[in-house]
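Engineer: Position 74, counted from 1, in the sequence shown is what numbering that gives the first Met the number 0 calls 73; the numbers after and before it change by one each time, with no gaps.
Where a beta carbon is used, it is the ideal one built from N, C-alpha and C, also for glycine.
These figures come from a predicted structure and were not determined experimentally.
Take a look at this one; I'll ask things after.
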Amino acid sequence: MAQAQEQILINRPVEQVWGFHSDPTNIPRISVNTTRYEPKGPMALGCRIIGATKVIGKTVEWEADVVEYAPQRGYRLRSVVAPLQWELAYSYRPIQGKTMVIAEQTAFGLSGFFGRISEKFIVMRYRRDLSKNLANLKQMVEDLPAPGGQ
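See below:
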C-alpha cells in the first residue's frame with residue numbers, strides 16, 4: 000500500500016472552494032493527469048465516475064464510486080474497475096474565512112501494476128501530482144471574484 004497526503008490553504012471561504020471543486024467539469028482542468036472525468040449522475044454518495052488518468056506515461060481507464068460525500072466537508076472516491084485499486088479523498092476545513100484543503104491518495108497492489116518501480120518512487124510521484132493539483136485549485140479559485148465583492 001502506498002499513501003500520499005498534501006494540503007493547501009486557499010484564501011476563499013469553504014463554500015466557494017467546495018462549489019468550484021465539487022463541479023465535475025472542473026476536475027480535468029485542476030488535475031494534472033486526469034484526461035476523462037464523467038460522473039454517471041449527480042455527484043452524491045454512490046455516484047459512479049468513469050475516468051482516465053495518465054500514470055507514469057500510461058493512460059489508465061477506471062471507474063470509481065463516491066463512497067463518502069459530505070457537502071463542504073469532503074468526499075472519497077474508491078476504484079471499482081481499474082488495473083490498480085485506489086482511493087482518493089479530499090477534505091475541506093474552514094479557517095477564519097479561508098479553506099484548508101487536504102488531499103489523500105492511497106493505492107493498493109502497486110507491485111503488480113508498476114512492476115519493479117519502488118513504492119517510495121510512486122509515493123513521491125503521487126505527492127507531486129497532489130501538490131500540483133492543489134496549487135491549480137488554489138489558483139483557479141482565487142482567480143474567481145471573492146464572495147460579496149471583497
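What distance in whole Å lies between the Cβ atoms of Y125 and H20, which are believed to be in contact at a cut-off of 8 Å?
Structural biologist: Wrong, their Cβ atoms sit about 18 Å apart, outside the cutoff.
Engineer: Tell me, please, which residues DSSP counts as bridged to Q2.
Structural biologist: Per DSSP, T105.
Engineer: Taking V65 as the reference, give the member of K57, S78, K53 and V59 with the closest Cα.
Structural biologist: Comparing Cα positions, the closest option is S78.
Engineer: Leaving aside the five residues before and after T52 along the sequence, list all residues of the same chain whose C-beta is less than 6 Å from its C-beta, in chain order.
Structural biologist: If we look at T52 and ignore the five residues flanking it on each side, its Cβ neighbours are N32, T33 and V59.
Engineer: Enumerate in chain order the residues of its own chain whose CB-to-CB distance from S130 is below 6 Å, with the five nearest sequence positions on each side excluded.
Structural biologist: Correct list, in chain order: E5.
Engineer: Assign K18 to one of three DSSP states: helix, strand, or coil.
Structural biologist: Residue 18 is actually Gly in this sequence, not Lys. Note: G18 maps to helix in three-state DSSP.
Engineer: Is the separation between the beta-carbon of Q71 and that of L87 shorter than 7 Å?
Structural biologist: Cβ distance not < 7 Å, so Q71 and L87 don't count as in contact.
Engineer: Considering only residues of the same chain and omitting the five flanking positions on each side of E141, which have a CB-CB separation below 7 Å?
Structural biologist: Closer than 7 Å at the Cβ level, and outside the excluded window around E141, lie I9, N10 and R11.
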